[in-house]
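Below is one structure, written out as structure tokens; comments come after it.
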Amino acid sequence: MAKKEEQREYIQQFQKEQALWQQQEKQRLAEETQRIKHYEEQKEAEAAGRQTKRAEESAAKEHVQNQLAKQLESIKSQRDEYEDILRELALNEQEEKVRLDEITEMEKRINDRLELQRHRDLQMKLKEEQWLAAMEEEEEYRRQIMEKFAEDDRIEQMNAQKRRMKQLEHKRAVEEIIQHRRDQHKLEHEAELADREREKAEARRRAEIIEEERQKLLAAHAKNVLGYLPKGVIRDNDDIARLGTAYADAYAPTSRRDFEAQYIVE
């Protein structure tokens, strides 16, 4: 009887320990699931932030394109006015050709810039598609993670040692997957920042070149059309200073306000 009683107590103790272990395992799985859920929510928030940023960048690029298109239209209008002025002043054919060639070259540069902007838009679209593909891939990783946790539930039928080994194996696999995705996103983000910095530097360089060409164009031909410059050709007082005192004296208005209203576009 004593032996049976001892066996019964041993069985009861084992059942209690088994129940306690199962409860602890359920709690561990619940905590692990909560961590995965938090990670998913964090990734969704980051994705929403990236989408908002892309929308802002797209709006800014559209604004730049519109401004460039307006500038191109203004240059075309100026070219027409210059053609009339050149004919009225009876400039020789070679001078007129040089002037028109310079304006055409400026138009070409602006068109090239617009084409470059369209190319960048295409690149951004491709990046967006790549990002969507990465999101789909990440969803697949998440599905695999959930399947692994489902596998954890099924391995309760194994003995304790095998169960622990299997659970550790799954945990390491999940951590490797998550770390890989984090490293990949970090590299992509750094590459994207580097691309943006290069684009900004190129945009500044192109703007400087266009401004230099405008100033050379003005210096080379303004004296030939003295008194006939349309409004908008002169941008600021620095342009006036570069043209020299003779030019400034020829256009000396009764007041500075009248001069700026007539020749300078704000």
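Every letter in the sequence shown is one number past the one before it in numbering that gives the first Met the number 0, and letter 231, counting from 1, is 230. Just so it is clear, CB atoms sit at the ideal spot from N, CA and C, and this is done for glycine as well. Fair warning: this is a prediction, and the values are worked out from it, not measured in the lab.
I'd like to check one pair, residue j with residue i: are the Cβ atoms closer than 9 Å?
i, j, result
"A133", "Q183", "yes"
"L186", "L113", "no"
"R108", "K60", "no"
"E191", "K126", "yes"
"R180", "Y140", "yes"
"R275", "A218", "Because the chain here runs from 0 to 265, residue 275 falls outside it and cannot be looked at."
"I176", "Q143", "yes"
Taking the beta carbon of residue i as the centre, do at least 16 other beta carbons fall within 10 Å, making it buried, or is it exposed?
i, result
"R197", "exposed"
"Q6", "exposed"
"Y81", "buried"
"V264", "With a pLDDT of only 42 at V264, under the threshold of 50, the placement of this residue in the model should not be trusted, and no figure is reported."
"R256", "Model confidence at R256 stands at a pLDDT of 46, short of 50, so the residue's coordinates are unreliable; what they give is reported in the following sentence. R256 is exposed by the Cβ-count criterion."
"E8", "exposed"
"A1", "exposed"
Can you round the beta-carbon distance between residue i and residue j to whole angstroms, since I take them to be within the 8 Å contact cut?
i, j, result
"Q267", "V63", "As shown, the chain starts at 0 and ends at 265. That puts residue 267 outside it, with no answer to give."
Please identify the residue among the options whose C-alpha is closest to the C-alpha of residue i.
i, options, result
"Q77", "D237, L216, T244", "L216"
"E72", "A54, T103, Q12", "T103"
"T32", "I208, D79, E174", "E174"
"E212", "H188, D100, E135, T244", "D100"
"D111", "Q14, A206, Y9", "A206"
"K42", "F13, E135, Q17", "E135"
"E146", "I10, E4, I35, E16", "I35"
"H188", "A58, R163, E16, G48", "G48"
"E56", "E210, I208, Q22, K199", "K199"
"R163", "Q122, F13, N65, Q21", "Q21"
"E210", "D83, Q122, K15, Q70", "Q70"
"L167", "E16, F13, E24", "E24"
"Q50", "L131, A172, D237", "L131"
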